[in-house]
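Asks:
There are 2 protein chains.
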Amino acid sequence: MTNNGSASLYLQVARTLQDRIATGAHPIGSLLPTEHMLAEEFGVSRQTVRQAIGHLRGMKLLSARKGVGTRVEANRPQTSYYHTLQSLQDLFQFASDAQYRVTSADMVSVTGKEAEELGCRPGRQWLRLVGLRELPGESRGPLGADGPLCLTTVMIDGRYADVAATPRVHTRAIFAQIEDRFGVSITEVHQDIEATLVTEEQAALLRVEPGSPALLITRRYFGSGRTLVDLSRNLHPGGRFRYAMTVRREG
Amino acid sequence: MTNNGSASLYLQVARTLQDRIATGAHPIGSLLPTEHMLAEEFGVSRQTVRQAIGHLRGMKLLSARKGVGTRVEANRPQTSYYHTLQSLQDLFQFASDAQYRVTSADMVSVTGKEAEELGCRPGRQWLRLVGLRELPGESRGPLGADGPLCLTTVMIDGRYADVAATPRVHTRAIFAQIEDRFGVSITEVHQDIEATLVTEEQAALLRVEPGSPALLITRRYFGSGRTLVDLSRNLHPGGRFRYAMTVRREG
DNA sequence: GACGGATATATGTCCGTACATATGATGTCG
DNA sequence: CGACATCATATGTACGGACATATATCCGTC
Chain A
1 MTNNGSASLY
11 LQVARTLQDR
21 IATGAHPIGS
31 LLPTEHMLAE
41 EFGVSRQTVR
51 QAIGHLRGMK
61 LLSARKGVGT
71 RVEANRPQTS
81 YYHTLQSLQD
91 LFQFASDAQY
101 RVTSADMVSV
111 TGKEAEELGC
121 RPGRQWLRLV
131 GLRELPGESR
141 GPLGADGPLC
151 LTTVMIDGRY
161 ADVAATPRVH
171 TRAIFAQIED
181 RFGVSITEVH
191 QDIEATLVTE
201 EQAALLRVEP
211 GSPALLITRR
221 YFGSGRTLVD
231 LSRNLHPGGR
241 FRYAMTVRRE
251 G
Chain B
252 MTNNGSASLY
262 LQVARTLQDR
272 IATGAHPIGS
282 LLPTEHMLAE
292 EFGVSRQTVR
302 QAIGHLRGMK
312 LLSARKGVGT
322 RVEANRPQTS
332 YYHTLQSLQD
342 LFQFASDAQY
352 RVTSADMVSV
362 TGKEAEELGC
372 RPGRQWLRLV
382 GLRELPGESR
392 GPLGADGPLC
402 LTTVMIDGRY
412 ADVAATPRVH
422 TRAIFAQIED
432 RFGVSITEVH
442 QDIEATLVTE
452 EQAALLRVEP
462 GSPALLITRR
472 YFGSGRTLVD
482 LSRNLHPGGR
492 FRYAMTVRRE
502 G
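Chain order of the listed sequences is A and B.
Just so it is clear: in the first sequence, position 125 is 125 by my numbering, and no numbers are missing.
Just so it is clear: in the second sequence, position 205 is 456 by my numbering, and no numbers are missing.
1) Please report the straight-line C-alpha distance between B:Thr330 and A:Gln86, rounded to a whole angstrom.
2) Could you give the DSSP three-state label for B:Leu342: helix, strand or coil?
3) To the nearest whole angstrom, what separates the beta carbons of A:Leu216 and A:Met155, a pair I think is in contact under 8 Å?
4) Please report the straight-line C-alpha distance between A:Asp180 and A:Gly225, rounded to a whole angstrom.
5) Quick one: list the residues of chain B neighbouring A:Gln86, beta-carbon separation under 7 Å, in chain order.
6) Going along chain B in order, which residues have a C-beta closer than 8 Å to the C-beta of A:His55?
7) Along chain A, which residues have their Cβ under 7 Å away from the Cβ of B:Leu448?
8) Please state whether DSSP places B:Leu262 in a helix, a strand or coil.
9) Using 9 Å as the limit for Cβ to Cβ distance, is B:Gly398 near chain A?
10) Taking 9 Å as the threshold (C-beta atoms), are B:Thr354 and B:Leu486 in contact?
11) Under the DSSP definition of a beta bridge, which residues are partnered with B:Gly320?
12) In whole angstroms, what is the alpha-carbon distance linking A:Arg133 and A:Gly238?
13) Rank A:Phe175, A:Thr166, A:Arg121 and A:Arg50 by C-alpha distance to the C-alpha of A:Ala39 and give the top, closest one.
14) In its own chain, which residues sit with a C-beta less than 6 Å from the C-beta of B:Phe433, not counting the 5 before and 5 after it?
15) With distances taken from CA atoms, which of B:Leu378, B:Ala465 and B:Leu260 is nearest B:Ile429?
16) Measuring only the C-alpha atoms, how far is A:Leu205 from A:Leu135?
17) Which residues mark the beginning and the end of the alpha helix (DSSP H) in which A:Asp180 is found?
18) Should A:Ser232 and A:Ile186 be called a contact, given that it needs their Cβ atoms to be closer than 9 Å?
19) Alpha carbon to alpha carbon, how far is B:Arg419 from A:Ala195? Give it in angstroms, no decimals.
20) As an exercise, report each continuous alpha helix (DSSP H) stretch of at least 4 residues that is fully enclosed by the stretch 184 to 230 of chain A, in chain order.
21) Please state whether the Cβ-Cβ distance between B:Leu518 and B:Cys371 is less than 9 Å.
22) For my contact list, B:Phe441 and A:Thr246 are in at a C-beta cut-off of 8 Å; report their separation, rounded to the angstrom.
23) Please classify A:Arg46: does DSSP put it in a helix, a strand, or coil?
24) Using CA coordinates, which residue listed in B:Phe473, B:Tyr494, B:Asp481 and B:Arg500 is at the minimum distance from A:Arg248?
25) Might you give, ordered along the chain, the residues of its own chain that have their beta carbon closer than 6 Å to the beta carbon of A:Tyr81, omitting 5 neighbours on each side?
26) B:Leu307 and B:Arg327: beta carbons closer than 9 Å?
27) Using the Cβ count rule (16 or more neighbours within 10 Å means buried), how would you classify B:Thr321?
28) Checking contacts by CB at 9 Å: is B:Asp431 closer than that to chain A?
29) Buried or exposed: which applies to B:Glu292, given that a residue is buried once 16 or more other Cβ atoms fall within 10 Å of its Cβ?
30) Roughly how many whole angstroms lie between the Cα atoms of B:Ala315 and B:Arg297?
31) Strictly under 9 Å for the Cβ-Cβ distance: is B:Asp341 near chain A by that measure?
32) Which of the three DSSP states is assigned to B:Pro488 in this structure?
33) Spell out whether any CB of chain B is found under 9 Å from the CB atom of A:Ser45.
34) Do you know how far the Cα of A:Leu31 is from the Cα of B:Gly275?
35) Checking 9 Å against the spacing of the C-beta atoms, do B:Gly398 and B:Arg493 come in under that value?
36) Looking at B:Pro461 and B:Thr450, is the spacing between their C-beta atoms short of 9 Å?
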């Protein structure tokens, strides 16, 4: 064994295999020798070899298929960074009691450019909501003066239009209502953040100066099979909102 | 066993334990019966019980400590969403050949508010870089007309000031240079995005109209022990940049 | 009462064996 | 030559036993 003798036997085996993979003795894509052969070579039980392989599988260096063998997947442990969310609600970075007050809800037939953006054929029916998100009553945050958190436009696939067919106040996110009501589950969300200026019309609704800066956050919610379930466009006045996230190293 | 008999034995055991945990028979924080007791109860070997427990540990439902026991950590598998990055470079969302052209590099002694923001005592030495990030030569992206990608100010802990002591052009991110040169590794990055307007001075440097919108992205890079290694403030002109990310459901 | 050592206990590691099962290769038959 | 059954093979599952090691507790000593 190349290692010191104090560590667990299976960790020594794992380390040796990892070294061999790193040095190219077992190229990516190739099959490792069988567990039986490795056990014999290292003079340990097959159980111990399996434990070592299991360790490396946890690091995504190896994968195994019954009846085939153990394949080398990666050269070295990829040091990836990740940002986790407890739930999709965390994408919204304001208090969870914020209300979405819908002022208009219209079924529209999308055309051309808009259809392309929604990833569907022209002529399909979508429900378009327009409204303001604001904090209820006195629970205004410390950040902004008062005024709505954002101006939100939502496009909902016609199949799920029932969740918001008439203008009203929503206390839960639209996607969450669709998930519950129709049993679809959101598997992926694409979020897009850009800077823009508010128009006069928007400024009046948001109670800010025309021409002041804003974050335009577009979110696309995808269900199974990468089908777009709903799309929301949130215009956040500059001083009233910021988007914060933390990424951590894996392991 | 509550399950059908076709699945693996250890999966049946795991399922039974999961049910018991979900129904509160084993409350969060409590210790499970010992592996030996469970093996006896289910009429299986201890090895099989361990495999079942290992399965639930992978789901973060259980944790184990040698000499103590197996503790219930969670009620049910948490469906978390995550956003992964291949490397921290992915936080920058422009071509990796972008250059950071530093126009000034000054060692400063931080005071009051700035010291607080950097999380250090007033009077500490930090290196302040100011410069523009731009694409080299002809490789201009399709998005913006030409002009710099962003105006970037970087604060570097005095200990690592050597990486950029004099103004010059950097082709690698500052944090990456610090990682290599000083052997520290960035374990966490905090990122903060807000909308703002560019001042006249900034507009001239970025070659945009004064008063146009911009994304201000502040990134704090932390090393081991949550110590701030460097902080960068990037001002991206509105039309020239957007921040995109995708989050996926776990499992 | 404080400190330290012996001890019981639970998980961790390791061995050997046996059989199950998915997979790809081989070979046979129409 | 193609479809299909057969077989060898590699990982997956399961058993039983044994010892290692970390931890908490008990107990005696100072």
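Virtual Cβ for every residue (Gly too), placed ideally from N, Cα, C.
Replies: The answer reads as follows:
1) 8 Å
2) helix
3) Wrong, their Cβ atoms sit about 15 Å apart, outside the cutoff.
4) 18 Å
5) Ser331
6) Chain B residues near A:His55: none, gap ~12 Å exceeds 8 Å.
7) Pro213
8) helix
9) no
10) no
11) B:Arg316
12) 15 Å
13) A:Arg50
14) Tyr411
15) B:Leu378
16) 15 Å
17) Ile174 to Phe182
18) no
19) 29 Å
20) 200 to 206
21) Nothing in the structure corresponds to residue 518 of chain B, since chain B is present only between 252 and 502.
22) The residue you asked about is not Phe; residue 441 of chain B is His in the sequence shown. That pair is a contact at about 5 Å.
23) helix
24) B:Phe473
25) Val247 and Arg249
26) no
27) buried
28) no
29) exposed
30) 15 Å
31) yes
32) strand
33) no
34) 45 Å
35) no
36) yes
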